[in-house]
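Each remark here refers to the structure printed beneath this line.
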Amino acid sequence: MSTTPTLTGAEIVIKALRDQGVDTIFGYPGGAVLPIYDALFKQNHIRHILVRHEQAAVHAAEGYARSSGKVGVVLVTSGPGATNAVTGLVDALMDSIPIVCLTGQVPTHLIGNDAFQECDTTGITRPATKHNYLVKDVNQLARTLHEGFYVAKNGRPGPVVIDIPKDIQFAEGTYKAPAECQPKSYRPQVRPDLNKVEEAVELIANAKRPIFYVGGGVINSGPIASRLLTQFVRMTGYPCTATLMGLGAYPASDKQFLGMLGMHGTYEANLAMHGCDVMINIGARFDDRVTGKLSEFSPGSRKIHVDIDPSSINKNVRVDVPIVGDAAHVLEDMIRVWKARAKRADQKALAEWWKQIEFWRARDCLRYEKTDKVIKPQFALERLRAAIAGRDDVFISTEVGQHQMWAAQFIPFEKPNRWLTSGGLGTMGYGLPAAIGAQIANPDALCIDVAGEASILMNIQEMSTALQYRLPVKVFILNNQWMGMVRQWQQLLHGERYSESYSEALPDFVKLADAFGGVGLRATKTSEVDDVIKEMIAIERPVIVDMCVDQKENCFPMIPGGKAHNEMLLGPDEKLEEATPEEGMVLV
Amino acid sequence: MPPVEPIERHTISVLVDNEPGVLARVIGLFSGRGYNIESLTVAEVNPEQALSRITIVTSGTPMIIEQIKAQLDRLVPVHRVRDLTMEGPFIEREMALVKVAGTGEKRVEALRIADIFKARVVDATIESFVFEITGTADDLTRFIELMKQLGLVDISRAGAVAMSRGTGGL
Ligand SMILES: Cc1cc2nc3c(=O)[nH]c(=O)nc-3n(C[C@H](O)[C@H](O)[C@H](O)COP(=O)(O)OP(=O)(O)OC[C@H]3O[C@@H](n4cnc5c(N)ncnc54)[C@H](O)[C@@H]3O)c2cc1C
Ligand SMILES: Cc1ncc(C[n+]2csc(CCOP(=O)(O)OP(=O)(O)O)c2C)c(N)n1
């Protein structure tokens, strides 16, 4: 007889979560996870947030994770619970968000029999996760859970699924603490090769037209990385641009910041990328939204690439100095070497370069038509920005579309972890649950989902979740009555054939807010915008704002698919020089 | 336009945990990302530590080959990835069972060729042979080509197994 006390699988799950420091999980019950729900019921340490759709459970966990730096935890049942979660998992995979998702599974002896609510969860989620597990022995459960957390948060973060058959949840077994469970094989490299760092510093110091291109990896690395980045960029005096996922890694108000780059990035950021002689990429992955036409991407530059994931390096763009390591560690080393070697930028060349950049900046590429006749979406966001200016406790999430790009362009982020958006997968329906997750992690903060009227309908049911937990999240809909981003592409690239992109039969969002038990507000005139925003912020309950904006506004600047950085469209008056070539049209 | 990179053939050895799903992960990686698999073999090589060795023969541009290795290496159950083609001389062998049916002169000729290729007879009837042959992929292909004219009935061919020359191990 063994003397080690045994626990049921369900109890092991709860204990492991506690030992991993989990205080909140997002989930939805069902037959195959009832034992775990039972164990949850019997304790008071872990708070369960009941969402209204499993996809939203994952997005809420993503919002929680991105806004807090912790791992987001999800609990769903087998079959449809697991399949509903898949979109969220892929979203987290693409955006490198640490998630542990526990799924219930039919009892071990029924696996493979097409049992009720059975699906091959590990098979389905294999390409949707960083890693996944099926636990077939209750004595392996604790180890698997601890390893799952380790994998989710170490190296390049990502989602992990742990599939737990119901009989394992009932079975009795022994618990193991995290310290007793060392992962077998997964050991990502966080400290860089110093020779490479030295080589990079030499290149950086000798640059004539340098640029820092920073991404989500800096945010993944933690707030220290952002501090070190800011310090290093200021030491050099070089310009810095950020990807959509990197916004907040470098303070937006700093004069060395050029704004976002890429398809809807600023003129100055994209032209500086095109014309630079040394590019310093820290935690960005040369996404196609950023590079545009690959063969013409920054043709004259030597490139340094810092990334924790070796598979990100030399994937799309060949680089000259690859550095595998964690952004904070690498930046720390770079700063040390820079100081030790008493490096100083070439001031004459740098002054020339800044002169050029200021010339591009003077184009004022985010300019839009100022008018009283209609609420321009950019105007609404500028007013929102004014209303939240100076506050340190504002978290902005978005849905996907034009409003997302305008939010990226018009709302400045001074710090990391304040900006929550679906970049890689571009998942409409991400924003509201993400705002809910951020609000749970930051109870006193102001959490706003900048939304489009089409996207918001994809997870609108989460208003109920917000109500249930008294979460004062704000949904700020830029209602243009179109799937604006789709309409824009159809207008510019598909001969103005507006196929199925009009938002027919929209609900009355004010009444809808009311029906959920929240508050609905609407602005139809520019004169109403400030009041509505003020009221939205003042109300300590969930609010939906129906901001009725210009239906035809397009998002500029824009680099059409298949074009290079220097072939940007700046505004509605510019036409595509020639019909978009076929090869451009096929790109998304 | 940058010069078009040449397609190279590489033999890669991968040491993995022998656990359910590990092969699906590796194969899914290749199909999901559109990489080529010319051959893939797998078997447990260390039962005490439950480790298997996978040998993959693949082809692609140098940039793709680098990606394949980086992608393999970041799979959680993968312990080690070695590009034998890059790391100096190595031995690569394939094995096949080849069934040939016929009588008279053709039958004698089949035996004679098998002898030249050092193929072993592992089954015989009055009218057929099954040969077991090991060698490089080229050896096997040449042998099979010759057998086509001598009454080839069936082929079962295993993918490549490979190992570096010299003292070092995976
Ligand atoms: C409608 C729409 C339009 C878009 N338009 C644009 C656009 O105009 N501009 C734009 O930039 N994006 C745009 N995007 C987003 C785009 O699709 C990508 O999601 C984004 O560009 C990727 O950002 P990133 O390169 O910072 O990489 P991320 O996806 O954030 O990846 C992070 C990288 O950092 C690495 N990393 C992780 N942790 C660390 C660490 N600790 N240390 C070092 N490295 C680490 C990872 O391995 C990875 O390579 C758009 C998206 C949508 C939906
Ligand atoms: C789940 C999902 N389906 C389809 C798309 C393709 N898509 C990208 S933007 C967009 C339109 C979004 O419209 P809306 O939410 O109103 O935002 P707007 O562009 O008008 O600001 C669509 C359909 C997507 N990104 N996600």
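Residue numbers (the numbering used here), protein chains in the order written: chain A, 1 to 588; chain B, 1001 to 1170.
Heads up, the beta-carbon is just placed ideally off N, CA and C, and yes, glycines get one too.
Quantities reported herein were computed from a predicted structural model and do not represent experimental measurements.
is_contact[residue i, chain A] using C-beta, thresh 8 Å
i              : result
residue 1028/B : yes
residue 1025/B : yes
residue 1017/B : yes
residue 1170/B : no
residue 1086/B : no
residue 1076/B : yes
residue 1083/B : no
residue 1010/B : no
residue 1138/B : no
residue 1032/B : yes
residue 1001/B : Caution is warranted here: a pLDDT of 48 is assigned to residue 1001/B, below 50, making its placement in the model unreliable, and no coordinate value can be reported.
Length of the line joining the Cα atoms of residue i and residue j
i              : j              : result
residue 414/A  : residue 1036/B : 45 Å
residue 192/A  : residue 312/A  : 15 Å
residue 1063/B : residue 405/A  : 32 Å
residue 1005/B : residue 1071/B : 20 Å
residue 138/A  : residue 102/A  : 15 Å
residue 378/A  : residue 168/A  : 54 Å
residue 473/A  : residue 538/A  : 12 Å
residue 452/A  : residue 478/A  : 5 Å
residue 1010/B : residue 1059/B : 6 Å
residue 391/A  : residue 247/A  : 17 Å
residue 123/A  : residue 163/A  : 11 Å
residue 1146/B : residue 1031/B : 33 Å
residue 276/A  : residue 351/A  : 14 Å
residue 1038/B : residue 91/A   : 32 Å
residue 578/A  : residue 272/A  : Bear in mind that the predicted position of residue 578/A carries a pLDDT of just 49, short of 50, making it unreliable; the figure below should be weighed with that in mind. Roughly 25 Å between the two C-alpha positions.
residue 652/A  : residue 185/A  : Outside the displayed span of chain A (1 to 588) sits residue 652/A, for which this structure offers no information.
residue 490/A  : residue 499/A  : 8 Å
residue 1001/B : residue 321/A  : Below a pLDDT of 50, predicted positions are generally treated as unreliable, and residue 1001/B, at 48, falls in that range; the measurement from the model is reported next regardless. Rounded to the nearest angstrom, the two C-alpha atoms are 22 Å apart.
residue 1088/B : residue 210/A  : 39 Å
residue 1/A    : residue 176/A  : Because the pLDDT at residue 1/A is just 48, under 50, the model does not fix this residue reliably, and the value given afterwards should be weighed accordingly. Spanning the two alpha carbons is a distance of roughly 18 Å.
residue 465/A  : residue 565/A  : 43 Å
residue 1016/B : residue 1040/B : 14 Å
residue 87/A   : residue 431/A  : 14 Å
residue 286/A  : residue 1022/B : 29 Å
residue 189/A  : residue 326/A  : 8 Å
residue 171/A  : residue 1075/B : 30 Å
residue 535/A  : residue 463/A  : 19 Å
Extent of the continuous alpha helix (DSSP H) to which residue i belongs
i              : result
residue 220/A  : 216-221
residue 493/A  : 484-493
residue 455/A  : 453-456
residue 199/A  : 194-205
residue 1108/B : 1104-1116
residue 590/A  : For residue 590/A there is no data in the structure shown, the boundaries of chain A being 1 and 588.
Chain B within 8 Å of residue i, Cβ atoms only
i             : result
residue 144/A : no
residue 131/A : yes
residue 314/A : yes
residue 309/A : yes
residue 318/A : yes
residue 151/A : yes
residue 191/A : no
residue 122/A : yes
residue 302/A : no
residue 285/A : no
residue 127/A : yes
Paired residues, beta bridge with residue i - DSSP
i              : result
residue 228/A  : Bridge partners of residue 228/A: none, in fact.
residue 277/A  : None, per the DSSP bridge assignment.
residue 1133/B : 1096/B
residue 556/A  : None, per the DSSP bridge assignment.
residue 450/A  : 398/A and 476/A
residue 240/A  : 212/A and 257/A
residue 1160/B : None, per the DSSP bridge assignment.
**OP:** Within the region 327-351 of chain A, note down every full beta strand (DSSP E) run reaching 3 residues or more, in order along the chain.
**Re:** With a minimum length of 3 residues, no continuous beta strand (DSSP E) run stays inside the region 327-351 of chain A.
Subject >> Runs of alpha helix (DSSP H) wholly within the region 51-131 of chain A (minimum 4 residues, chain order) >> reply: For secondary structure counted as the alpha helix (DSSP H) over 4 or more consecutive residues, the region 51-131 of chain A holds these complete runs in sequence order: 54-68, 80-94 and 121-125.
**OP:** Enumerate, from N- to C-terminal direction, the unbroken beta strand (DSSP E) stretches of 3 or more residues contained entirely within the region 477-550 of chain A.
**Re:** 519-523 and 543-548
Subject >> Segments of 3+ residues assigned as beta strand (DSSP E) that fall wholly inside the region 361-420 of chain A >> reply: 394-398
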